[in-house]
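Heads up: the protein sequence lines correspond to chains A and B, in order. Residue numbering for the first sequence follows my numbering, beginning at -15 and increasing consecutively. Residue numbering for the second sequence follows my numbering, beginning at 44 and increasing consecutively.
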Amino acid sequence: MAEASLQQATALPAEADGGEARDFIALLKPRVMSLVVFSGLVGLLLAPGSIHPVLGVVAVMCIAIGAGASGAINMWYDADIDAVMSRTQKRPIPAGKVSAEAALAFGCILSAGSVALMGLAVNWLAAGLLAFTILFYVGIYTMWLKRRTPQNIVIGGAAGAFPPMIGWAAVTGDIALGGVVLFLLIFFWTPPHFWALALYRSGDYARAGVPMLPVIAGRDETRKQILIYSLMLAPLGVAPVFAGIAGIGYGVFASLLGAGFVALAAKLYRSDADKDAKRLFGFSILYLFLLLAGLLVDWAIGVI
Amino acid sequence: MPLPKPANFKETTARDTDLHRRMRGRNLAIFAALIVLMIVIFLVTYVRIQTGMEAAG
């Protein structure tokens, strides 16, 4: 069934003769990019030491372009399953606006350009981490794990967790505890975030043959895993205080947010209702945004 | 004697097609991106030379 849908969907429009500029911008996944930019900026500002503002802007720009480029290569590789899933079938390649080859070339050029610019303008450790992030997202997550294991986003989530570490490395030129804590925060946030989405989109993933946890292990196991990861995430939200990169005020704020996250995960665990999965998914985005914003406010208060 | 044009007839030239409009938009975007890249490279070079001179005293 899934195979038949895939074969049908793979017959993509042949007249993708090169889309408009906005289609190429859509290939960069701007919404994902905004979170990457924000987390990269937080890593850059919280790192001890200083960087010239121009080089700081260039570093964040390179992180954004590198993340967007890996998104474009992901869309090239996943064009067949994107065409099957309702959430993704309007993306430029399945919609026939951009050819798969053009998306691949676009992604490769931007990847190479962002890494080279990061290395030449900022430092080669940050550039190496950026290159590793792009390769990890494309090679490990997209090409290897995504279609093979329900643990795809647990391991693949690391790609989305690297930007604050890259921002940190751009300033300090090394990988320190603070950068690792920020990495872990996003790493443990990713599974409950995506599994909440997968719970109410499981039909989509099943049709596309993507082995997301609800499709393979069922809803009960997924809700249990969401709760377990939420329980690990909540204390990690406070970890920046113990790593010395945030104050007590942030710690209290993060504790409250973490309690909210666990409460929603527990509610979903008990109810198994799609509306609770949607609520947790929405809150998870707000949670990460507020947590990073809290770190920035705490940093700004310290600077003033 | 030329044939009368239909009411909904729109005069188009070879450069006025949808494909050309899209290509123009894309070319302008690439041009803008190259300008931004040039400015970034100029600024980075300037900053690095300046910080290098300051470090050398």
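Beta carbons: idealized from backbone N, C-alpha and C, even for Gly. Fair warning: this is a prediction, and the values are worked out from it, not measured in the lab.
Near residue i, which residues of its chain fall below 7 angstroms by C-beta distance, leaving aside the five closest residues on each side in sequence?
i	result
A:Leu114	Cys46, Ile47, Gly50, Ser98, Val99, Met102, Ile150
A:Lys251	Asp260
A:Phe146	Leu113, Thr117, Phe167
A:Asp188	Met69, Ser70, Arg71
A:Ala25	Ala is not the amino acid found at residue 25 of chain A; the sequence shown has Leu there. Closer than 7 angstroms at the Cβ level, and outside the excluded window around A:Leu25, lie Val44, Gly151.
B:Leu71	none
Let me see if you follow: with CB-CB separation under 8 angstroms, is residue i close to chain B or not?
i	result
A:Gly3	yes
A:Val42	yes
A:Val38	yes
A:Ala105	yes
A:Glu(-1)	In this predicted model, A:Glu(-1) has a pLDDT of only 49, less than 50, meaning its place in the structure is not dependable; the value taken from the coordinates is given anyway. Answer no: the Cβ-Cβ gap between A:Glu(-1) and chain B never drops below 8 angstroms.
A:Ala(-12)	Only weak support is given to the placement of A:Ala(-12): the predicted model assigns it a pLDDT of 49, under 50, and the question is left unresolved by the model.
Whole-angstrom Cβ separation of residue i and residue j, contact assumed at under 8 angstroms?
i	j	result
A:Trp152	A:Gly27	4 angstroms
A:Tyr234	A:Val225	6 angstroms
A:Ala43	A:Ala160	With a Cβ gap of about 16 angstroms, A:Ala43 and A:Ala160 do not count as contacting.
A:Met196	A:Pro134	6 angstroms
A:Gly242	A:Gly221	5 angstroms
A:Glu4	B:Arg69	6 angstroms
Quick one: is residue i near chain A, going by C-beta distance under 8 angstroms?
i	result
B:Ala72	yes
B:Leu86	yes
B:Gly95	no
B:Gly100	no
Using the three-state DSSP reduction, which class does residue i fall into: helix, strand or coil?
i	result
A:Ile269	helix
A:Glu85	helix
B:Thr94	helix
B:Leu46	coil
A:Ala230	coil
A:His36	coil
A:Gly80	coil
A:Ser70	coil
B:Asn51	coil
A:Glu205	helix
A:Met196	coil
A:Val106	coil
A:Leu169	helix
A:Lys130	coil
A:Asp62	coil
A:Leu280	helix
Using C-beta distances below 6 angstroms, list every residue in its chain close to residue i, excluding the 5 sequence neighbours before and after it, in chain order.
i	result
A:Leu94	Ile49, Ala53
A:Ile57	Gly91, Val122
A:Gly278	Tyr234, Phe237
A:Ala192	Ile65, Val68, Met69
For residue i, which residues from the same chain have a beta carbon less than 8 angstroms from its beta carbon, with the 5 sequence-adjacent residues on both sides left out?
i	result
A:Leu276	Phe22, Ser23, Val26
Check whether the stretch 199 to 209 of chain A touches the stretch 82 to 93 of chain A, taking contact to mean three or more Cβ pairs, one atom from each stretch, closer than 8 angstroms. no
Counting beta carbon pairs with one atom in the stretch 30 to 40 of chain A and one in the stretch 65 to 78 of chain A, are three or more of them shorter than 8 angstroms? no
Do three or more CB pairs link the stretch 266 to 275 of chain A to the stretch 168 to 175 of chain A at distances below 8 angstroms? yes
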